[in-house]
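What follows is a short report on a single structure.
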Amino acid sequence: MAVDIRIIRAGQMYRYYLRETVVGDGRRPARTPLRAAQEQAGVPVGRWVGRGLAALGLGPGEEVTEAQLRNLFGERGRHPHADRIEADRLAQGASPAEAYRAGALGRRVTVTGVDFVFRPQPSIYLLWAFGDEETRLVIEAAHERAIVRVLEWIEDEVAVIRYGKDGIYRVRPPGGLVAARFRHYEARSGRPLLHDHVLLSVKGQRLGGKWGSIHTTALHENTVAASALYNELVASEVCEVLGLATEPRTVTDGRRPVMEIAGVPHELIRWTARRSDQIASCLSELEHEYVTAVDDDGEPRFLPVVSERARAKLNQIAARKTRPPKKGKARSLAQLRADWKASAIRTSGVPADVISSLLEYARAAAAAIRARVAAVVDIALAAVDVTATVFVMNNGGRFHRRHLLAEARRHLALVLRGRRRDPGLDDQVVATAITAHCLDISEPTTVRGLEAGYRLYTARWALSDLPARRRPPAAPDPDRRSPTDPGEPPAPRPPGQDPGEWDVPRVPLPYDRAVLAGAAVREQLRTTTVVRGRAYDVVAHQQAAMPEQLLAHEPADPEHDDQDDKRGRHEALDLAALRALRDSRTDVEALDLTAERLRHLQDAFTAAADRAHTTMDRYSHRDDAEMPQPGRPDDQQAHRQQEPGPHRGQEAGH
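Sequential numbering from 853 applies to the sequence shown in the working numbering.
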């Protein structure tokens, strides 16, 4: 995830930020002024951002001082200029208590802010690290503008101030929020990692002028949607200005693909992931300890398999255990870029000419992609994909609007391949998904449950019987210990084996089933549903989401067209390229696609489509005007927006 969030509390945690985070994750020498420590660390000074600065007498882009940080984040939410305000009131004859209250922003709080960490995808900051000065400035500008846009979205759609008894009343901060942004250039491993820490204050002003506190739970709940928006904004601007394109790549087997800049070698991305390799090795050890742990009576302490929740917590422990010490001597950005390039040439395994001409290679790959792949966004089909993915990947098939919004942004990034999209297209996809494919199952017992963002939905179709992913059985290895049954804890690790050489039972990842679910529903729509005389064209919509290597090449000689496979144009796949991709890092790996597998998938989709058709017949009485109008306009032009209408669930809602 490209946006991380962490709570900031007054006291020891704030002092940690003041000692280390604001000086580039280095170690700030004692009694060294903040500006001098930042110059010694080779990082720029912090800058104020946010639309709420005017209420505090600050301006966008102003330098963040140590006194302002101490008052706003360290003194439990005081005015950044509280020292000056208090001195002025004392000079006017006010008592010390009155002067202190004059510098306060409402009630004192313990949680004074949240730390959002924004970082682009690895292929983007590799171009930033190895490109020329113009490329660096373009990427930094896109990074900064994306942060501002995400903050504006948080101010307009996410942030709420609670007030009244038990916080039952919630209101948007009309004046906006206040945040301090600090830029870092490298990871703890010493490899390039462009990222910004945005310290967002929880203090916000209501319409009457009173100051309240932002509900931090709402910020946590929408972090995934914020991350998807940031990724989409950065990639689209970088691709638009530099003439690049994105492509889907699978990093972890069974998980959703990530969008990277096409033409940037995967080996170069792995070169930056030394820290990730350390965490993965430690995580394997922790997983084995988890499933083999027993109590004093010899009974297993935990479940015999590693669930997603347990794996996430173990991953956090592994990250802390493998955390390297702080960096040593500070270096300028120019020196860092020179050292990074020299290190990559020596140790990454990528040829030096590729690293030196990385932008040119990426532009050549982008030209090939844009010549063959059109950006076709069919809102109706996008709503199918989004709903199916969210339905399968959420426990019990229940979800909120924010889950649909995050998935819609990921889907658009996958289809558009780095092209800019029209503002509000993600909201149109979500509105269509809620109207056509979701049931409102909310049973609100609180005022919060009545809000549109907290309505509870599920899908209208039953996909629980979709085939789960099963890997073909591998040939047994006589030198490797056989795994235990899934219901039993594995045997202790034999001595002499390294992490990753023993088997740990894990709960299967749900993304593969989500892919199959979306394909099954799309197939059902394509074959059985015609709305207002136009059929859903699945392939045109999915073309951009498919890795470009799988798109069938046009025949060089029209006379030999009949020698090709007799499949229709919509089913054309380049199987030679497919076999060549078996070792690549694309989303094809997640489905183990082969010619035989494709035939099995087609049979599975047909059977699932029949079952889905039976389920959807129950909703055929719905007015035709409530159904989305599928379209196939070119280059991001989708059919008119569908407003969410009333639902026939237990409660009417958004």
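All C-beta atoms, glycine included, are put in the ideal place defined by N, C-alpha and C.
It is roughly 19 Å from the alpha-carbon of E1007 to the alpha-carbon of H995. The closest CA to that of Q1187, considering only G894, F970, V1076, is found on G894. In this structure, L1120 sits near L978, with a CB-CB distance shorter than 8 Å. Nearest C-alpha to S1133 among L1302, I1169, T1068: I1169.
Taken in chain order, the whole alpha helix (DSSP H) runs of length 4 or more contained in the segment 1084-1165 are 1118-1123, 1126-1144.
DSSP places Q1057 inside the beta strand (DSSP E), whose first and last residues are 1055-1057. A998 is positioned such that its CB atom lies no closer than 8 Å to that of G898. With contacts defined as CB atoms closer than 8 Å, S1053 and L924 qualify as a contacting pair. Secondary-structure assignment with DSSP links S1065 through a beta bridge to K1055. For A1070 against V1012, the beta-carbon gap comes to about 6 Å, under 8 Å, which counts as contact. A residue is called buried when at least 16 other Cβ atoms come within 10 angstroms of its Cβ; T1124 meets this threshold and is buried. DSSP places I1013 inside the beta strand (DSSP E), whose first and last residues are 1013-1015. Boundaries cannot be given for D1008, as no alpha helix (DSSP H) includes it and DSSP labels it neither H nor E. Judged by DSSP secondary structure, Y952 falls within the alpha helix (DSSP H) whose first and last residues are 948-954. For G965, DSSP records a beta bridge to I860, S1053. Here V1146 is exposed, its C-beta having fewer than 16 other C-beta atoms within 10 Å. Distances from the CA of R903 to each of D984, E938, A949, Q1057 were compared; the closest alpha carbon is that of Q1057. The closest CA to that of A1288, considering only M865, N1247, L1233, is found on L1233.
Taking a cut-off of 8 Å on C-beta distances, the segment 986-993 does not touch the segment 957-967, as fewer than three cross pairs fall below it.
Taking E1089 as the centre and dropping the five residues before and after it, the same chain places the C-beta of A994 closer than 6 Å to its C-beta, in chain order. Looking only at V1030, A1240, S1200, the smallest Cα-Cα distance to A1311 is reached by A1240.
In this model, V875 and T1075 are separated by some 25 Å (Cα to Cα). Annotated three-state conformation of P912 is coil, per DSSP.
Taking D1048 as reference, the option from T1284, D877, G945, A1114 with the minimal CA-CA separation is D877.
Its Cα nearest to that of W1192, the residue R1043 stands out among R1035, A954, R1043. By the C-beta criterion, the segment 1080-1088 is judged to be in contact with the segment 1258-1277, since at least 3 inter-stretch pairs fall below 8 Å. At the C-beta level, W900 and E914 come within 8 Å of one another. Out of A1226, G929, L910, G1016, the CA that lies nearest to the CA of Y866 is found in G929.
In this structure, DSSP gives A1031 an extended state, which the three-state scheme calls strand. Residue burial annotation: S1079 is buried, with at least 16 other C-beta atoms found within 10 angstroms of its C-beta. Taking 8 Å as the cut-off, the Cβ atoms of E1073 and R1254 count as close. Boundaries of the beta strand (DSSP E) around V1023: 1021-1023. In the three-state reduction of the DSSP assignment, D1191 falls in the helix class, which pools H, G and I. The beta-bridge partner set that DSSP reports for H1047 consists of H1036. Looking at the DSSP output, T1310 sits in a beta bridge with L1291. Our two residues, A1235 and A1226, have alpha carbons roughly 19 Å apart in a direct line.
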